[in-house]
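**Q** Numbering (this note's numbering), first residue to last: 367 to 707. Supplied in structure tokens, the structure appears directly below.
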């Protein structure tokens with residue numbers, strides 16, 4: 367039940383091919399390409415999307431629970447990878463917030479896919495699952511959303527069973543579509559993946575716990591698996607007992623949503639792993655911390671006070687946004703400039 371994918375964390379029951387060895391194997395063809403075309407990218411080589419999907423599937427198959435802080439733009443994606451996590455998630459709540467609107471499906475699928483592509487472009491070796499919301503509602507819209515998310519470089523997509531417009535799973539009131547319509551969305555996603563000829567993890571979410579009770583939510587998760595989903599997410603169970611029942615009744619990888627202040631109890635990674643969860647998501651921790659820190663700085667600036675104790679040294683900030691990588695790459699071409707005329 368110990369956590370994996372945490373900085374300095376211990377891994378237990380390692381598979382014969384560990385993450386480091388798998389990364390080396392997956393990166394080898396990329397390194398060959400980079401050697402043939404030096405300067406193709408800044409920093410370490412970026413793994414192809416197919417390799418990231420393989421990493422994601424291997425991560426879910428290994429023992430323990432993977433810690434998954436969520437990101438919402440290129441900078442937060444960089445910070446998650448820098449911190450040493452093995453998996454991240456492009457959160458719809460965060461991407462909406464970064465656009466100045468609440469998580470009530472005000473952003474279009476095209477806007478979400480565009481923001482997700484910024485996230486994936488900032489990542490090198492960490493797979494990212496994208497928040498697909500309802501996928502556009504109708505199964506044919508879901509199929510187009512899967513296509514768009516593959517093109518955006520995402521390793522997985524989460525699709526849910528709320529009506530449109532959906533909203534954050536911890537904000538009432540919510541409503542879900544009938545079970546058959548929810549299952550049709552997942553079937554369409556599976557069909558679209560197969561039609562594209564490319565792998566993508568499909569994470570099926572239900573919000574039926576808050577509208578129809580735990581039994582209906584569990585039955586939907588089982589139906590999603592029958593339709594071809596790779597992983598399930600039962601949103602907003604109200605107690606540890608409900609979380610345990612979900613894990614007992616539903617096979618396959620499962621996600622626990624550790625939203626501080628939400629409806630679900632916050633449990634330790636060890637507790638979640640012992641229950642049977644494969645992933646512990648921290649959807650708003652980074653966003654909430656950023657808002658709190660920004661408000662503190664703005665309050666000081668408004669009052670004419672110094673903020674030196676609240677901010678990073680400038681050198682650290684430059685490093686965080688990628689200046690070190692950029693300057694190192696720039697130096698490689700310093701002698702290539704034509705002489706002035």
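We put the CB at the ideal spot given by N, CA and C, even for glycine.
1. Does DSSP classify residue 528 as helix, strand or coil?
2. Since residue 444 is in the beta strand (DSSP E), which residue starts that stretch and which ends it?
3. Relative to the alpha-carbon of residue 419, which residue among 695, 602 and 520 has its alpha-carbon at the smallest distance?
4. According to the Cβ coordinates, are residue 548 and residue 599 closer than 9 Å?
5. Using the C-alpha atoms, what's the distance from residue 447 back to residue 469?
6. In this structure, does DSSP put residue 599 in helix, strand or coil?
7. Mind checking whether residue 529 and residue 572 have CB atoms under 9 Å apart?
8. Using CA coordinates, which residue listed in 675, 576 and 652 is at the minimum distance from residue 436?
9. Beta-carbon separation of residue 482 and residue 494 under 9 Å?
10. Could you tell me which uninterrupted beta strand (DSSP E) segments, each at least 3 residues in length, are contained entirely in the segment 619-679, listed from first to last along the chain?
11. Can you grab the Cα-Cα spacing for the pair residue 668 / residue 675, in whole Å?
12. What number of angstroms, rounded off, separates the C-alpha of residue 422 from the C-alpha of residue 670?
13. Would the segment 555-563 and the segment 498-513 be scored as touching if the rule is three or more Cβ pairs under 8 Å?
14. Using only alpha-carbon positions, find the residue among 517, 433 and 596 that is nearest to residue 570.
15. Between residue 606 and residue 622, which are expected to be in contact by the criterion C-beta below 8 Å, what is the C-beta distance as a whole number of angstroms?
16. Along the beta strand (DSSP E) that carries residue 359, what are the first and last residues, could you check?
17. Measuring alpha carbon to alpha carbon, tell me which residue in 577, 527, 496 and 578 is nearest residue 505.
18. For residue 369, does the three-state DSSP call read helix, strand or coil?
19. Rounded to whole angstroms, what's the CA-CA distance from residue 424 to residue 655? Just pull it up for me.
20. Are there 16 or more other CB atoms within 10 angstroms of the CB of residue 497, so buried, or fewer, so exposed?
21. Going by DSSP in three states, residue 458 sits in which element: helix, strand or coil?
22. Applying the 10 Å Cβ sphere with the 16-neighbour rule, what's the burial state of residue 450?
23. Taking the C-alpha atoms as reference points, what is the distance between residue 612 and residue 644?
24. Suppose you measure from the CA of residue 552 to the CA of residue 542; what does that come to, to the nearest Å?
25. Any idea if residue 683 is buried or exposed, counting beta-carbon neighbours within 10 angstroms, 16 or more meaning buried?
26. How many Å lie between residue 415 and residue 565 at the Cα?
27. Are the beta-carbon atoms belonging to residue 580 and residue 610 less than 9 Å from one another?
28. Run through DSSP, which three-state label would residue 570 get?
29. Which of the three DSSP states, helix, strand or coil, is assigned to residue 484?
30. Of the choices 534, 458, 626 and 517, whose alpha-carbon is the least far from that of residue 474?
31. Please name the residue or residues paired with residue 789 in a DSSP beta bridge.
32. Whole angstroms is fine: what's the gap from residue 398's alpha carbon to residue 413's?
**A** This is what the structure holds:
1. Here residue 528 corresponds to residue number 162 of the chain shown, with the count starting at 1. If DSSP states are grouped into helix, strand and coil, residue 528 belongs with the strands.
2. Residue 444 sits at position 78 when you count from the first residue of the chain shown. Not the beta strand (DSSP E): residue 444 falls in the alpha helix (DSSP H), residues 440-448.
3. Position 53 of the chain shown, counted from the first residue, corresponds to residue 419. It is 520 whose Cα lies nearest to the Cα of residue 419.
4. Taking the chain shown and counting its residues from 1, one reaches residue 548 at position 182. Taking the chain shown and counting its residues from 1, one reaches residue 599 at position 233. No, these two residues do not count as a Cβ contact at 9 Å.
5. Walking along the chain shown from the start, residue 469 turns up at place 103. Walking along the chain shown from the start, residue 447 turns up at place 81. If I take the Cα positions, the gap works out to 25 Å.
6. Residue numbering aside, residue 599 sits at position 233 when the chain shown is read from its first letter. Residue 599 falls in the strand class under three-state DSSP.
7. For this step, residue 529 is matched to residue 163 along the chain shown. For this step, residue 572 is matched to residue 206 along the chain shown. Not in contact: residue 529 and residue 572 (Cβ atoms no closer than 9 Å).
8. Looking up residue 436 in the chain shown gives position 70. When only C-alpha atoms are compared, the closest one is 652.
9. Numbered from 1 along the chain shown, position 116 holds the residue referred to as residue 482. Numbered from 1 along the chain shown, position 128 holds the residue referred to as residue 494. Yes; because the gap between Cβ atoms is below 9 Å, this pair is in contact.
10. 621-623 and 645-648
11. Taking the first residue of the chain shown as 1, we reach residue 668 at position 302. Taking the first residue of the chain shown as 1, we reach residue 675 at position 309. Approximately 16 Å, taken between the alpha carbons.
12. As a working mapping, residue 422 is identified with position 56 in the chain shown. As a working mapping, residue 670 is identified with position 304 in the chain shown. Rounded to whole angstroms, residue 422 to residue 670 spans 48 Å at the Cα level.
13. yes
14. What you label residue 570 is simply residue 204 of the chain shown in a count that begins at 1. That would be 596, whose Cα lies nearest to the Cα of residue 570.
15. Start at 1 with the first residue of the chain shown, and residue 606 comes out as number 240. Start at 1 with the first residue of the chain shown, and residue 622 comes out as number 256. Not really, about 11 Å apart at Cβ, beyond 8 Å.
16. No statement about residue 359 is possible, as the shown extent of the chain runs from 367 to 707 and does not include it.
17. Taking the chain shown and counting its residues from 1, one reaches residue 505 at position 139. Measuring from the Cα of residue 505, the nearest candidate turns out to be 527.
18. For the purposes of this step, residue 369 is identified with residue 3 of the chain shown, where counting begins at 1. Looking at residue 369 - three-state DSSP - the assignment turns out to be strand.
19. By 1-based counting over the chain shown, the position of residue 424 is 58. By 1-based counting over the chain shown, the position of residue 655 is 289. Going by the C-alpha atoms only, they are around 31 Å apart.
20. As a working mapping, residue 497 is identified with position 131 in the chain shown. Looking at its Cβ environment, which holds 16 or more other Cβ atoms inside 10 Å, residue 497 is buried.
21. One-based indexing of the chain shown puts residue 458 at position 92. Note: residue 458 maps to helix in three-state DSSP.
22. Counting from 1 along the chain shown, the entry for residue 450 is found at position 84. Residue 450 is exposed by the Cβ-count criterion.
23. Numbered from its first residue, the chain shown carries residue 612 at position 246. Numbered from its first residue, the chain shown carries residue 644 at position 278. Going by the C-alpha atoms only, they are around 13 Å apart.
24. By one-based count along the chain shown, residue 552 stands at place 186. By one-based count along the chain shown, residue 542 stands at place 176. Using only the alpha carbons, I get a separation of about 14 Å.
25. Taking the first residue of the chain shown as position 1, residue 683 is located at position 317. Burial call: exposed.
26. Within the chain shown, numbered from 1, the residue matching residue 415 stands at position 49. Within the chain shown, numbered from 1, the residue matching residue 565 stands at position 199. Using only the alpha carbons, I get a separation of about 9 Å.
27. As a working note, residue 580 is residue 214 in the chain shown. As a working note, residue 610 is residue 244 in the chain shown. No. Outside cutoff.
28. Translated into positions along the chain shown, residue 570 becomes position 204. Looking at residue 570 - three-state DSSP - the assignment turns out to be strand.
29. Looking up residue 484 in the chain shown gives position 118. Residue state, collapsed to three classes: helix.
30. On the chain shown, position 108 is the one that residue 474 refers to. The shortest C-alpha separation from residue 474 is found at 458.
31. No answer is possible for residue 789: it lies beyond the span of the chain, which begins at 367 and ends at 707.
32. On the chain shown, position 32 is the one that residue 398 refers to. On the chain shown, position 47 is the one that residue 413 refers to. Confidence at residue 398 is low in this model, with a pLDDT of 37, below 50, so its placement is unreliable and the value that follows should be read with caution. The straight-line gap from Cα to Cα measures roughly 12 Å.
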